[in-house]
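Heads up, the thing below is written out as structure tokens.
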Amino acid sequence: MKYGFLGLGIMGSRMATRLVRAGFAVTVWNRDASKCGALVALGAKQAPTPKEVAAEADITFAMVSDPQASLELCFGAEGVLAGIGPGRGYVDMSTVDPATSRQVGEAVAAKGARFLEAPVSGTKKPAEDGTLVILAAGDKALYGQALPAFDQMGKASFYLGEVGQGTRMKLVVNLVLGAMMEVLGEALALGGKCGLPGEQVLEVLAQGAMANPMFGVKGPMILAGDTTTSFPLKHMEKDLRLTTRLGQELGQDLPVTEAVHAIFGKALAAGLGEEDIAAVVKGI
Ligand code: NAP
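Count along the sequence shown from 1, add 15, and you get the number used in this note's numbering.
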């Protein structure tokens, strides 16, 4: 089984590395070709266009930033559609919206190939460790074929039904993540104004029913002013934007999500987009 991997950013580079280290034959491509070097040094092949990757690989995985990137990758002149054909599979693991996923899926199917969306829950370290949670939907046979790769990239993978359901699950999950991130920042900010040491606020939270691994990682980062990027703030703003739009489409009020989105939007406008989501506290 030959794999392709398109998009070697924070997540894609680590996910592709796991596939190469597991011994799979992997051909990589990234828009900024210089990011392919580390993978090539590990034994991956590099291709000049997504078209060539999709034409050669049995299954091509993609991990790019947003709906626009996902569409360009697929429909561009040298894109996936130009290369893919019968017997091939395309798995887009980027976080997009259901309409984008459907558009890509239908175009891939029209070429006689199979399509799966498979966004992930988990960030830089889980991508490195192969402990992501994979939220797949679309062609079930392709899901079965992709499982050996998913097993390298994730600790769990879910098959959620028709294209769109994986994306919807991802947006539902990130609604929680965004709100938790922001509210942790508020708690530490108010605690600080009260003269309560941040370490103690975190310790008390960790002993209670609201304890969670994310507070354990992001809390100390906030206190140390460390915004080393695991999950770029600009991508969380995008996820919350897509989530509020999904709520509007379905007639579901999401007042907290809308408020949290506005706060991430303010942080993005302040130039914090490339920093970690923990930088949202700077806008509070
Ligand atoms: P990232 O580091 O910003 O990388 C983005 C990737 O997308 C890069 O490879 C970039 O290429 C590529 N790209 C952007 N626009 C493109 C275009 N028009 N055509 C082709 N390639 C394009 O992002 P990331 O953190 O890896 O996240 C990737 C996806 O995973 C996003 O959808 C994000 O929401 C999702 N996600 C991220 C995390 C996380 O913690 N980081 C967790 C779960 C899900 P260049 O290198 O050339 O710019």
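Yeah, the Cβ is synthetic: ideal placement off N, Cα and C, and Gly gets one too. Here the structure is a predicted model, which means the values were calculated and not measured.
Hey, would you say L199 sits closer than 8 Å to G240, going by beta carbons? Here residue 199 refers to the residue found at position 184 of the sequence shown. Here residue 240 refers to the residue found at position 225 of the sequence shown. Not a contact, by the Cβ cut-off of 8 Å.
Taking all protein chains shown into account, do 16 or more other C-beta atoms lie within 10 angstroms of the C-beta of T243, making it buried, or fewer, making it exposed? Your numbering for residue 243 matches position 228 in the sequence shown. Per the 10 Å Cβ criterion, exposed.
With DSSP collapsed to three states, give me the class of E71. Along the sequence shown, read from residue 1 onward, the residue named residue 71 stands at position 56. If DSSP states are grouped into helix, strand and coil, E71 belongs with the helices.
V68 versus V188, C89, A84, V216, residue with shortest Cα-Cα distance: The sequence position of residue 68 within the sequence shown is 53, counting from 1. Per the Cα distances, C89.
Proximity to E25 [Cα-Cα], best of D291, K297, P163: Residue mapping note: residue 25 aligns to position 10 of the sequence shown, counting from 1. Position check: residue 25 holds Ile in this sequence, whereas Glu was assumed. Comparing Cα positions, the closest option is D291.
Less than 8 Å between C-beta atoms, sequence neighbours within five positions excluded: which residues of the same chain meet that for L157? Position 142 of the sequence shown, counted from the first residue, corresponds to residue 157. Here the set comprises I74, G104, V106, R129, F130, L131.
For C51, does the count of other Cβ atoms within 10 angstroms reach 16, so buried, or fall short, so exposed? Translated into positions along the sequence shown, residue 51 becomes position 36. Residue environment: C51 is assigned as buried (16 or more neighbouring CB atoms within 10 Å of its CB, all protein chains considered).
Should E67 be listed as close to the ligand NAP, given that the test is whether its C-beta is under 7 Å from any heavy atom? Taking the first residue of the sequence shown as position 1, residue 67 is located at position 52. E67 has its CB no nearer than 7 Å to any heavy atom of the ligand NAP.
Locate the beta strand (DSSP E) running through T42, then write down its first and last residues. Here the question's residue 42 lines up with position 27 in the sequence shown. Element bounds for T42: 40 to 44.
On the DSSP letters alone, give me the boundaries of the alpha helix (DSSP H) that D107 sits inside. Position 92 of the sequence shown, counting from 1, holds the residue named residue 107. It is not in any alpha helix (DSSP H) - D107 instead sits in the beta strand (DSSP E) that spans 104 to 107.
Name the DSSP bridge partner or partners of K17? Sequence index remark: in the sequence shown, residue 17 carries index 2 (1-based). DSSP output for K17 lists A40 as bridge partner(s).
Does the Cβ of I299 have 16 or more other Cβ atoms within 10 Å, making it buried, or fewer, making it exposed? Counting from 1 along the sequence shown, the entry for residue 299 is found at position 284. With fewer than 16 other Cβ atoms from the protein chains shown falling within 10 Å of its own Cβ, I299 counts as exposed.
So, do the stretch 273 to 286 and the stretch 189 to 204 have three or more beta carbon pairs nearer to each other than 8 Å? Yes, they touch.
Are there three or more Cβ pairs, one per stretch, closer than 8 Å when the stretch 20 to 36 is compared with the stretch 78 to 89? Proximity of the stretch 20 to 36 to the stretch 78 to 89 meets the contact definition, three or more beta-carbon pairs being nearer than 8 Å.
So what does DSSP say about I99, is it helix, strand or coil? The residue given as residue 99 occupies position 84 in the sequence shown. I99: coil per DSSP, three-state reduction.
By the 10 Å Cβ neighbour count, where 16 or more other Cβ atoms means buried, how is D47 classified, buried or exposed? By 1-based counting over the sequence shown, the position of residue 47 is 32. Exposed is the call here.
Could you pull out every residue in the same chain whose Cβ sits closer than 6 Å to the Cβ of A204, ignoring the five residues on either side in sequence? Here residue 204 is taken as the residue at index 189 of the sequence shown, counted from 1. So the qualifying residues of the chain are I299.
Mind checking whether the beta-carbon of A46 lies closer than 7 Å to any heavy atom of the ligand NAP? Within the sequence shown, numbered from 1, the residue matching residue 46 stands at position 31. With the sequence shown as reference, residue 46 is identified as Arg, and Ala is not the correct amino acid for it. Yes - the ligand NAP has a heavy atom lying nearer than 7 Å to the Cβ of R46.
Presumed contact (8 Å Cβ cut-off) between A72 and T42, rounded CB distance: Reading the sequence shown from its first residue, position 57 is the one you call residue 72. Reading the sequence shown from its first residue, position 27 is the one you call residue 42. About 6 Å separates the two Cβ atoms, so the contact holds.
Output the distance between the C-alpha atoms of S85 and S116, rounded to the nearest integer angstrom. Numbered from its first residue, the sequence shown carries residue 85 at position 70. Numbered from its first residue, the sequence shown carries residue 116 at position 101. Going from the Cα of S85 to the Cα of S116 covers about 8 Å.
heavy atom of the ligand NAP below 7 Å from A122 C-beta: Working through the sequence shown from its first residue, we reach residue 122 at position 107. Because no heavy atom of the ligand NAP lies under 7 Å away, the Cβ of A122 does not count as near it: no.
What span of residues does the beta strand (DSSP E) with F5 cover, start to end? Residue coverage of the chain in this structure runs from 16 to 299, which leaves residue 5 outside it and unanswerable.
If I measure Cβ to Cβ from G207 and keep anything under 8 Å in the same chain, skipping five residues before and after, which residues do I get? Here residue 207 corresponds to residue number 192 of the sequence shown, with the count starting at 1. Excluding residues within five positions, the ones whose Cβ falls inside 8 Å are G213.
According to the Cβ coordinates, are N189 and D112 closer than 8 Å? Position 174 of the sequence shown holds residue 189. Position 97 of the sequence shown holds residue 112. Against a cut-off of 8 Å, the Cβ pair of D112 and N189 comes out as no contact.
Presumed contact (8 Å Cβ cut-off) between G280 and E252, rounded CB distance: Against the sequence shown, residue 280 aligns to sequence position 265. Against the sequence shown, residue 252 aligns to sequence position 237. The Cβ separation is near 6 Å, so the contact holds.
Just verifying my parser: in three-state terms, what is the DSSP assignment at D254? Numbered from its first residue, the sequence shown carries residue 254 at position 239. Residue state, collapsed to three classes: helix.
Pairs of beta-carbons, one from the stretch 154 to 170 and one from the stretch 179 to 188, closer than 8 Å: are there three or more? When C-beta atoms of the stretch 154 to 170 are compared with those of the stretch 179 to 188, fewer than three pairs fall below 8 Å, so the two segments do not count as touching.
Roughly how many angstroms lie between the CA atoms of E289 and A97, to the nearest whole one? By 1-based counting over the sequence shown, the position of residue 289 is 274. By 1-based counting over the sequence shown, the position of residue 97 is 82. Approximately 32 Å between the Cα atoms of the pair.
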